[in-house]
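These notes are about the structure you will find just below.
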Amino acid sequence: IKAKIRQMMVKNATNKMMQEIPKANVVVTNPTHYAVALKFDEEHPVPVVVAKGTDYLAIRIKGIAREHDIEIIENKTLARELYRDVKLNAAIPEELFEAVAIVFAQVAKLEQERQKQKIIKPL
């Protein structure tokens, strides 16, 4: 019975985590085995890990990100560090600020390029 209760608790936690992915700004991957979704907004002074997973969960995280047009950035080292060192719903540690800032800069650049493509339409 205890094992069944624990299994249900893990499933509920996973479902809740998956519901947070659409709120993310970016998913950092390694590219196949790890995926970590980060959220950065006015509510949080630093980015927060809203979802993370390996293997099958990583595939699900990336799938949900694609469905919601969330950028997926490959950074093997950062994905592993975030997965290993940062708890779910926790802010990233100071030692990862620079690496995460680079990822958010990549996201901003990709969004700018996408906006330019929308403006430049063939006649």
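Each number in the numbering used here corresponds to the 1-based position in the sequence shown with 57 added.
Ideal Cβ positions, reconstructed from N, Cα and C, are used throughout, including at glycine.
Please read all numbers here as calculations on a predicted model, not as lab measurements.
- Between Ile129 and Thr71, the C-beta spacing is not below 7 Å.
- A straight-line Cα-Cα distance of about 36 Å links Val143 and Gln174.
- Distance from Lys109 to Leu145 at the Cβ level is roughly 6 Å; contact confirmed, criterion being Cβ atoms closer than 8 Å.
- Runs of the alpha helix (DSSP H) lying entirely within the segment 65-140 and spanning at least 4 residues, in chain order: 113-124.
- Its chain contains Leu135, Glu138, Leu139, Asp142 and Val143 as the residues whose beta carbon lies nearer than 8 Å to that of Leu153, once the 5 sequence neighbours on both sides are disregarded; these appear in chain order.
- Separation of Ile159 and Lys61 (C-alpha to C-alpha, rounded to the nearest whole angstrom) is 42 Å.
- The C-alpha of Lys73 is placed about 21 Å away from the C-alpha of Lys59.
- Residue state for Ala147 is assigned as coil, using DSSP reduced to three classes.
- Nearest to Asp112 by C-alpha distance, out of Glu100, Glu77, Tyr91 and Ile121, is Tyr91.
- Pairing Glu100 with Gln172, the inter-Cα distance amounts to about 26 Å.
- With fewer than 16 neighbouring CB atoms inside 10 Å of its own CB, Pro150 falls in the exposed class.
- Around the beta carbon of Val157, a 10 Å sphere encloses 16 or more other beta carbons of the protein chains shown; the residue is thus reported as buried.
- A Cβ-Cβ separation of about 6 Å places Lys80 in contact with Val107 under the 8 Å criterion.
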